[in-house]
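Note that this note's numbering numbers the sequence shown so that position 70 is 139, with each residue one more than the last.
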Amino acid sequence: MPDESGRAPGRTLRVEAKRRGERGIRQVKVNGRWCWQARVARAGARRNRLCETFEAARQAKSELLAELQQAASQAEAEAAAPATLRQLLEFYALDGATMALNRGFTAPIVMALGGWKTERMMRRYAAVTDQTLRAAAEAVSGTESLSSGASHAAV
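Here's what the structure looks like:
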């Protein structure tokens with residue numbers, strides 16, 4: 070229904086929102102009904118909310134932005150926190166198992182060093198490096214070059 074200026078009310082508010090610099094608020098049609106959508110993005114995360122009125126969308130936009138800012142600052146604080154003893158020990162086990170495996174120690178020896186009962190558990194921590202794979206490929210193809218320092222490990 071047009072107002073006194075002859076425009077539809079939604080159009081007037083859309084123009085007013087753009088004039089005021091209200092980015093992130095727009096009018097959308099959902100299931101045949103016009104409503105206001107508040108959209109925000111921060112640190113790679115996005116949120117949106119549908120509202121009945123323009124003012125409710127403005128309020129929702131500020132709430133969504135506050136939520137994203139809080140989540141971003143919390144993630145930043147967690148990333149800056151020092152490592153726990155458990156994380157350090159797991160990294161040590163991962164690094165030690167990888168080094169032992171790539172230096173030619175067999176799987177049973179690496180399992181004994183790490184205290185793992187099954188080979189499947191050892192494989193969660195031990196990784197084969199590209200250098201070891203390259204040396205194995207050369208050994209299989211017959212152009213063996215042990216200059217890489219990796220020997221053949223039975224894994």
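All C-beta atoms in this analysis are idealised placements derived from N, C-alpha and C, irrespective of residue type, glycine included.
Every value quoted in this text rests on a predicted model; they were computed, and no experiment measured them.
Alpha carbon to alpha carbon, what distance is there between residue j and residue i?
{"i": "L229", "j": "R203", "result": "Any property of residue 229 remains undetermined from this structure, which presents the chain solely from 70 to 224."}
{"i": "T178", "j": "Q139", "result": "Inspection of the sequence shows that residue 178 is occupied by Ile rather than by Thr. Rounded to whole angstroms, I178 to Q139 spans 48 Å at the Cα level."}
{"i": "N117", "j": "V109", "result": "6 Å"}
{"i": "L170", "j": "S210", "result": "21 Å"}
{"i": "K98", "j": "T122", "result": "13 Å"}
{"i": "L158", "j": "Q96", "result": "53 Å"}
{"i": "Q156", "j": "Q200", "result": "27 Å"}
{"i": "T212", "j": "A152", "result": "44 Å"}
{"i": "N100", "j": "F160", "result": "52 Å"}
{"i": "M180", "j": "E188", "result": "7 Å"}
{"i": "G173", "j": "Y194", "result": "16 Å"}
{"i": "W185", "j": "A135", "result": "46 Å"}
{"i": "V224", "j": "E207", "result": "For V224, the predicted structure reports a pLDDT of 47, less than 50, and the residue's modelled location is therefore unreliable. The matter cannot be settled from this model."}
{"i": "L119", "j": "A205", "result": "59 Å"}
{"i": "A148", "j": "T198", "result": "27 Å"}
Measure the CB-CB distance between residue i and residue j and report whether it falls below 8 Å.
{"i": "W103", "j": "A126", "result": "no"}
{"i": "A112", "j": "A141", "result": "yes"}
{"i": "A129", "j": "A144", "result": "no"}
{"i": "A114", "j": "L137", "result": "yes"}
{"i": "M190", "j": "A176", "result": "no"}
{"i": "G165", "j": "L154", "result": "no"}
Counting contacts by CB-CB distance shorter than 8 Å, is residue i in contact with chain C?
{"i": "W185", "result": "Note that chain C does not occur in the displayed structure, where there is just one protein chain."}
Report, in whole angstroms, the separation of the C-beta atoms of residue i and residue j, which I expect to be a contact under 8 Å.
{"i": "T167", "j": "A146", "result": "Actually they are not in contact, since the Cβ atoms of T167 and A146 sit about 30 Å apart, beyond 8 Å."}
Among the options, which one has its Cα closest to the Cα of residue i?
{"i": "R66", "options": "S131, G101 and N100", "result": "Absent from the structure is residue 66, since the part of the chain shown begins at 70 and ends at 224."}
{"i": "E124", "options": "G184, T198, E207 and I94", "result": "I94"}
Is any non-hydrogen atom of the ligand ADP found closer than 7 Å to the C-beta of residue i, if you look at the structure I gave you?
{"i": "E147", "result": "This structure lacks the ligand ADP, and indeed carries no ligand of any kind."}
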